[in-house]
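K.L.:
Everything in the sequence shown is counted per this note's numbering, starting at 320 for the first residue and increasing by one.
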Amino acid sequence: MQCSIVVPVYNEARVLPIFLKRLTELCQNWENQGIITQVILVDDGSIDESVEIMQKSAPPSSEIVVLERNYGQAIALNAGLERAKGNYIFTLDADMEFDPLILNKFLSKLKEGYDLVSGVRVIRNTSILRRFASYNINFFSHYLLHIYLRDLTCPVNAYTHSLLEKVRKHGSLLFLKVKAAKCASRVTEVEIEQLNRNKEGSKYNFLKLFALFLEFIVHHSRHIFQRIILLGTGLLIFSLLTGGIYLFLRILGAISPSKIFQALVILIFFTGWQTLIVGFIGEYLLRLHRLLEESLPSYKIKQILEVKNKF
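#1: Where residue 551 and residue 594 are concerned, what is the direct C-alpha to C-alpha distance, given to the nearest angstrom?
#2: According to DSSP, is residue 397 part of a helix, a strand, or is it coil?
#3: Suppose the cutoff is 7 Å on Cβ atoms and the five residues either side in sequence are ignored; what does the same chain contact list for residue 440 look like?
#4: Terminal residues of the continuous alpha helix (DSSP H) containing residue 629?
#5: Kindly indicate which three-state DSSP category residue 334 falls into: helix, strand or coil?
#6: Just checking my contact of residue 324 with residue 425 at CB under 8 Å: how many whole Å lie between their CB atoms?
#7: Leaving out the 5 sequence neighbours to the left and right, which residues in its chain are closer than 6 Å to residue 395 when beta-carbon positions are compared?
#8: By Cβ distance, which residues of its chain are closer than 6 Å to residue 389, with the 5 residues on each side in sequence left out?
#9: In the DSSP assignment, find the alpha helix (DSSP H) that holds residue 499 and state where it starts and stops.
#10: Got a sec? Which residues, its chain only, sit under 7 Å from residue 611 by beta carbon, not counting five neighbours each side?
#11: For the alpha helix (DSSP H) that contains residue 483, what are its first and last residues?
#12: Considering only their Cβ atoms, is the gap separating residue 477 from residue 436 smaller than 7 Å?
#13: Report the partner residues of residue 326 according to the DSSP bridge assignment.
#14: In the structure shown, what three-state DSSP assignment does residue 510 receive?
#15: Assuming residue 420 is part of the alpha helix (DSSP H), what are its boundary residues?
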């Protein structure tokens with residue numbers, strides 16, 4: 320059996336030695352159980368010594384994917400996932416907010432037959448901004464995408480290779496957890512505690528978090544435009560039916576004329592028509608965006624380094 324661990328890295332030189340030491344312990348533990356481990360470390364344009372530290376201290380046979388510039392965590396994770404070959408694939412951040420050894424819990428759940436194992440942070444040591452962004456993404460996913468995982472933004476997750484292939488057939492692996500939750504047959508959650516390691520604060524400022532939220536919205540906005548089209552169609556049908564019934568009753572002389580009612584029906588008709596047009600334009604632009612996204616690479620790899628360290 321082979322397991323792949325994908326870790327996006329961005330300016331983590333301060334904590335990388337500790338993280339890589341714990342990750343090596345995990346890999347050695349798995350090797351003793353007969354599990355082959357593929358570690359993919361994706362450097363997302365770090366400007367510190369992260370790459371050099373990874374070359375010196377990464378687990379044996381690790382693969383370091385160095386991106387040409389900083390693309391953001393979602394794209395860096397996607398770059399690593401596209402190279403993952405294991406039967407089971409794990410994702411984890413390198414900032415030591417979570418001990419790599421917790422992946423043992425996720426492995427146990429995958430062995431029980433689950434397709435997706437989602438991490439849930441029970442003690443949130445993140446900033447108010449990050450919690451606010453997470454809340455909005457969770458809210459959007461619950462009520463528009465009908466995905467009911469408790470913590471969609473938790474970076475620690477595990478997937479089967481077959482689930483990843485199923486998701487890949489529908490497009491890219493960006494925002495994998497959301498897409499995987501929709502495709503998975505069996506889903507479970509594992510509660511994990513964050514470590515109090517981060518004295519520097521979050522690397523995400525308000526603008527970065529807002530950009531991440533917008534990227535998430537755009538990536539899943541087809542559901543919004545479909546609902547806008549349905550709303551516009553419903554308003555049009557309602558106004559036409561109501562207007563038709565009103566006209567029929569007026570011809571029969573069953574009701575007296577009402578300018579307010581007529582104005583209301585006309586208002587609903589034009590509101591529905593405009594809503595329908597907005598929905599169709601949004602759907603059209605979104606399809607163009609997806610065509611461009613598929614035809615153009617979302618990231619560029621600067622170099623790939625192989626680690627020859629030993630346990």
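Even for Gly, the Cβ is constructed at its ideal location relative to N, Cα and C. Since we're looking at a predicted model, the values are computed, not measured.
P.N.:
In brief:
#1: Going by the C-alpha atoms only, they are around 5 Å apart.
#2: Looking at residue 397 - three-state DSSP - the assignment turns out to be helix.
#3: Taken in chain order, the residues that qualify are 470, 473, 511, 513.
#4: Per DSSP, residue 629 lies in no alpha helix (DSSP H) segment and is marked neither H nor E.
#5: Coil at residue 334, not helix or strand.
#6: Residue 324 to residue 425, Cβ: 10 Å. No contact.
#7: In chain order, 327, 361, 363 place their CB closer than 6 Å to the CB of residue 395, counting only its own chain and leaving out the 5 sequence neighbours on each side.
#8: Leaving aside the five residues that flank residue 389 on each side, the residues in its chain whose CB is nearer than 6 Å to its CB run, in chain order, 363, 364.
#9: Boundaries of the alpha helix (DSSP H) around residue 499: 495–502.
#10: Result list for residue 611: empty, nothing under 7 Å.
#11: It spans 480–487 - the alpha helix (DSSP H) in which residue 483 sits, taken as one unbroken run.
#12: Yes, Cβ-Cβ distance for residue 436 and residue 477 is below 7 Å.
#13: According to DSSP, which records beta bridges pairwise, residue 326 is partnered with 360.
#14: Strand at residue 510.
#15: In the DSSP assignment, residue 420 falls outside any alpha helix (DSSP H), carrying neither H nor E.
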